[in-house]
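Numbers given in our numbering equal positions in the sequence shown, counted from 1, plus 1.
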Amino acid sequence: AFTSPCARILVAMCVGTCSRIVGPCLLVLGTLSMAASILLLFPGGASKYLVEGHISKHAKAVPGIWGGGIIVLLAAIHITAVGWRCAGCSDCGTRHNAFISAVLSKLALLGAAACFIFSGVGLTNGPLCFYNASEHSHRHGTVWGYPFLDTDKNYLYDPRTWSTCLEPEGIVAWNVVLFSLLLLISAAEMVLASFQILNGCLGCLCGFCDGKKSPP
Numbered sequence: 002a003f004t005s006p007c008a009r010i011l012v013a014m015c016v017g018t019c020s021r022i023v024g025p026c027l028l029v030l031g032t033l034s035m036a037a038s039i040l041l042l043f044p045g046g047a048s049k050y051l052v053e054g055h056i057s058k059h060a061k062a063v064p065g066i067w068g069g070g071i072i073v074l075l076a077a078i079h080i081t082a083v084g085w086r087c088a089g090c091s092d093c094g095t096r097h098n099a100f101i102s103a104v105l106s107k108l109a110l111l112g113a114a115a116c117f118i119f120s121g122v123g124l125t126n127g128p129l130c131f132y133n134a135s136e137h138s139h140r141h142g143t144v145w146g147y148p149f150l151d152t153d154k155n156y157l158y159d160p161r162t163w164s165t166c167l168e169p170e171g172i173v174a175w176n177v178v179l180f181s182l183l184l185l186i187s188a189a190e191m192v193l194a195s196f197q198i199l200n201g202c203l204g205c206l207c208g209f210c211d212g213k214k215s216p217p
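Laid out in structure tokens, this is it:
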């Protein structure tokens, strides 16, 4: 525990400052996560594939919306609001708010982790596309499926194989870019959420403010 008043004040000031940095960062990342997940549903900007059901299952799961998006944004809004309202060191920097911040950050960590896992699997499996099945299996003709799912080589390291997908046009690059973006975003969210959990725990001990009160 922090026995020195000066130590409490210094830690509280740091906790409040960090909250004012972490909150907006999570707001930006959560918004980008939702945008990337929505774009995955519209390959090349076309809506017909979503209407026809020709979207990969991991893209349809929209992990960037519920995992890296909404859950993270809920935590980010609370962290940002408390952090900036306490910039003047009003009485909103309570240990109760610090506890709520830590709990919401844990939920954000879980949501970001789920988004990371879904995005990783989606990137590994490759997109759902229209391709010539006779070149990849015992089936004949062109079908909708996952041509890179059961191959020995990793398609990510061989862009020459991306032309296997005939439709939607450019779907492989579309999925690779957006799922990779979701991986990076969710990884950053996990780091920030973990940091805010520690920050919130310190806030439970010292509060968010430096002990001063705003003038009435």
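For every residue, glycine included, the Cβ atom is placed at its ideal position computed from N, Cα and C.
DSSP state of E170, grouped into three classes? coil
E190 burial status per 10 Å Cβ neighbour count (16 or more: buried): buried
Could you give the uninterrupted runs of the alpha helix (DSSP H) lying entirely in the region 110-170, keeping only those of 4 residues or more? none
Does the beta-carbon of Y158 have 16 or more other beta-carbons within 10 angstroms, so that it is buried, or is it exposed? exposed
For the alpha helix (DSSP H) containing H59, list its first residue and its last residue. K58 to K61
Backbone secondary structure at A47 - three-state DSSP: coil
Is the beta carbon of E170 sitting closer than 8 Å to the one on G69? no
Can you find the residues in the same chain that come closer than 7 Å, C-beta to C-beta, to L105, ignoring five residues on each side of it along the sequence? L75, A76 and H79
If you run the structure through DSSP and keep just helix, strand and coil, what is L42? coil
Cα-Cα separation between I186 and S120, rounded to whole angstroms: 10 Å
To the nearest angstrom, how far is the alpha carbon of V178 from that of G142? 29 Å
Only counting the same chain, and skipping five residues up and downstream in sequence, which positions put a Cβ closer than 8 Å to that of S102? S20, A76, H79, I80, V83, Q197, N200, G201 and G204
Just verifying my parser: in three-state terms, what is the DSSP assignment at H55? coil
Assigned secondary structure, V73 (DSSP; H/G/I helix, E/B strand, else coil): helix
Anyone know if the C-beta pair for L129 and I22 falls short of 8 Å? no
Of the residues Y50, L182, R161 and M35, the one placed nearest G65, counting alpha carbons only: M35
Using a Cβ-Cβ cutoff of less than 6 Å, which residues in the same chain neighbour T18 once the five nearest sequence positions on both sides are dropped? none
Looking only at its own chain, which residues have a Cβ that is under 7 Å from the Cβ of A62, when we skip the five neighbours before and after it? F119
Less than 7 Å between C-beta atoms, sequence neighbours within five positions excluded: which residues of the same chain meet that for A47? P169
Using the Cα positions of F43 and V173, report the straight-line distance between them to the nearest angstrom. 13 Å
Whole angstroms are fine: how far does the CA of P25 sit from the CA of S91? Model confidence at S91 stands at a pLDDT of 45, short of 50, so the residue's coordinates are unreliable and nothing is read from them.
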